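Residue numbers (the working numbering): 7 to 579. In this text, a Cβ means the ideal position worked out from N, Cα and C, and glycines have one as well. Note that the structure is a prediction, hence the values are computed from the model and not measured.
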């Protein structure tokens, strides 16, 4: 096995060295020290058995196999390798497969990404989407770096009328690059990302699904400046062009010229252009800190380099933090304002005001307290489209509905060490949270438009230090008022965990019970029994076993049972 890995390392070594200048005269001295090959990594295998009166679409048997391995050649070249395999969802075809294989070779300041990998350039261009292909990060110094990628973002999935759960997808190819310069007083960055669908990758898709091939080009420019001690200014500007239907060949002449449209892609009538801007300021003085932020994203802004993107918003944020009482306490305040409908074309405009206060107090080694308060307020000015249709004079007052949503959250957490010595340790924890939500129409709270959520938890733990046994008892309570109804859920929990056989084995179990009512009517009862055990063999092998038995009593349905057993094996080398 070791000889095989050694040969594999020699085969992979030349491609990694081509991307780096090597001192040929000192080649022998550079590679002549230490063991020629060092291998480390891990392998994890697990199986899940599921059985019960209601399977809920779950497979009765599922297995997972994942691992990672790193080949270190003469302490100069690292070749990390990882994979993930599973039979979950084996009967379906998805745009991205759950089985993944990736390789991340490194040599000095160069890191490669091969296989199923993900990279991030900017929140507005390429942001963590998985692709199958190649990528590279080159950072020979801390001052500058270059990144590039090319690969398939999604594979082709043909339309299947018998399976409506999986939508058809065109094969999508993407590529991009990122340049970064970081100095002590300033920094500059540029990123470019482009992606396009292949219309011929799948048969014709019904127009009723509104799924068409797309093409996208995005770029962003960012800068950072430190003009004075403790002061940092940042700015990022992004542009995105999206061709919503790549089959549209009707070219429309761009009005006023557009860099993306004239250089990277034709300006078809289905091409849309967007922009985004983000600015910030942070200033630290003594032990205090203050920050300002501004972000504006055009309505409809999107990039094919991200799974999800928020748009049509303008954010303004302010934050401040200050310690006091000789740094035993700290207070931080955050305030933000957000609005949408930047183009003024929606039937209703929404604005939000968010504020939060966090306080921490730690007077000694035994007591720790934290208090958090946040206020979230949404204001909507809604107008029916029929008001505009039926308007007869330009100065007619249109009927509108002012709608305000207010949500307040308060959380208190207290942790107190009752007693601690060489034999045992006792700890008490109290947690309480309150959420109050209300809907105001024309400034009036109507009956049934408010709700409150109370959640409380009291936990006591006892640790027998020499025996390595920990016992926990807890009680949970949740009381909610939603509209004109109220809901109550309560229940205790008890758990025990221990280390056995010179800490080679861990074992534990817990039992919990909870009951719920709605307006005084019993809604259900749940009993959970859990057990787990783990055993370590010769420091490198670990076996894990866990089992869950759940019994639920539901009105009109009787008792529902569910059993899940998980068996796992882990090997580190």
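Please work out which residues of its chain come closer than 6 Å, Cβ to Cβ, to residue i, disregarding the five sequence neighbours upstream and downstream, and give them in chain order.
| i | result |
| --- | --- |
| residue 380 | 362 and 415 |
| residue 465 | 435 and 480 |
| residue 505 | 474 and 512 |
| residue 501 | 478 and 516 |
| residue 154 | 142 and 183 |
| residue 476 | 469 and 503 |
| residue 533 | 519 and 557 |
| residue 456 | 444 |
| residue 539 | 513 and 551 |
Can you tell me the Cβ-Cβ gap for residue i and residue j, rounded? I've got them flagged as a contact below 8 Å.
| i | j | result |
| --- | --- | --- |
| residue 244 | residue 311 | Actually they do not touch by this definition, with Cβ atoms about 11 Å apart. |
| residue 109 | residue 120 | 4 Å |
| residue 137 | residue 123 | 7 Å |
| residue 220 | residue 248 | 6 Å |
| residue 93 | residue 574 | So it is not a contact: roughly 16 Å between Cβ atoms. |
| residue 300 | residue 237 | Contact flag wrong, Cβ pair sits at about 17 Å. |
| residue 375 | residue 420 | 5 Å |
| residue 482 | residue 499 | 7 Å |
| residue 458 | residue 441 | 7 Å |
| residue 159 | residue 135 | 6 Å |
In three-state DSSP terms, what is residue i?
| i | result |
| --- | --- |
| residue 498 | strand |
| residue 205 | helix |
| residue 331 | coil |
| residue 59 | coil |
| residue 491 | strand |
| residue 442 | strand |
| residue 580 | As shown, the chain starts at 7 and ends at 579. That puts residue 580 outside it, with no answer to give. |
| residue 122 | strand |
| residue 71 | strand |
| residue 197 | strand |
| residue 215 | helix |
| residue 525 | coil |
| residue 562 | coil |
| residue 250 | coil |
| residue 145 | coil |
| residue 465 | strand |
| residue 419 | strand |
| residue 372 | coil |
From the DSSP secondary-structure annotation, give me the bridge partner or partners of residue i.
| i | result |
| --- | --- |
| residue 554 | 536 and 570 |
| residue 485 | 460 and 494 |
| residue 158 | 138 and 179 |
| residue 315 | Beta-bridge pairing links residue 315 to no other residue. |
| residue 91 | 71 |
| residue 86 | 76 |
| residue 112 | 84 and 117 |
| residue 326 | 296 and 339 |
| residue 575 | 51 and 549 |
| residue 349 | For residue 349, which the question treats as bridged, DSSP gives no partner whatsoever. |
| residue 303 | 282 and 319 |
| residue 43 | 79 |
| residue 432 | 425 and 468 |
| residue 228 | 195 and 242 |
| residue 221 | 202 and 249 |
Applying the 10 Å Cβ sphere with the 16-neighbour rule, what's the burial state of residue i?
| i | result |
| --- | --- |
| residue 471 | exposed |
| residue 131 | buried |
| residue 197 | buried |
| residue 226 | buried |
| residue 175 | buried |
| residue 171 | exposed |
| residue 528 | exposed |
| residue 372 | exposed |
| residue 77 | buried |
| residue 258 | The pLDDT assigned to residue 258 is 45, lower than 50, so where the model puts this residue is not dependable, and the model offers no usable value. |
| residue 88 | buried |
| residue 578 | exposed |
| residue 222 | buried |
| residue 282 | buried |
| residue 370 | exposed |
| residue 560 | exposed |
| residue 177 | buried |
| residue 507 | exposed |
| residue 129 | buried |
| residue 427 | exposed |
| residue 67 | exposed |
Spatial neighbours of residue i within its chain, please: CB distance less than 7 Å, with the 5 preceding and 5 following residues excluded, ordered by chain position.
| i | result |
| --- | --- |
| residue 193 | 187, 229 and 230 |
| residue 156 | 139, 140 and 181 |
| residue 44 | 78 |
Only counting the same chain, and skipping five residues up and downstream in sequence, which positions put a Cβ closer than 8 Å to that of residue i?
| i | result |
| --- | --- |
| residue 316 | 303 |
| residue 335 | 329, 365, 366, 367 and 368 |
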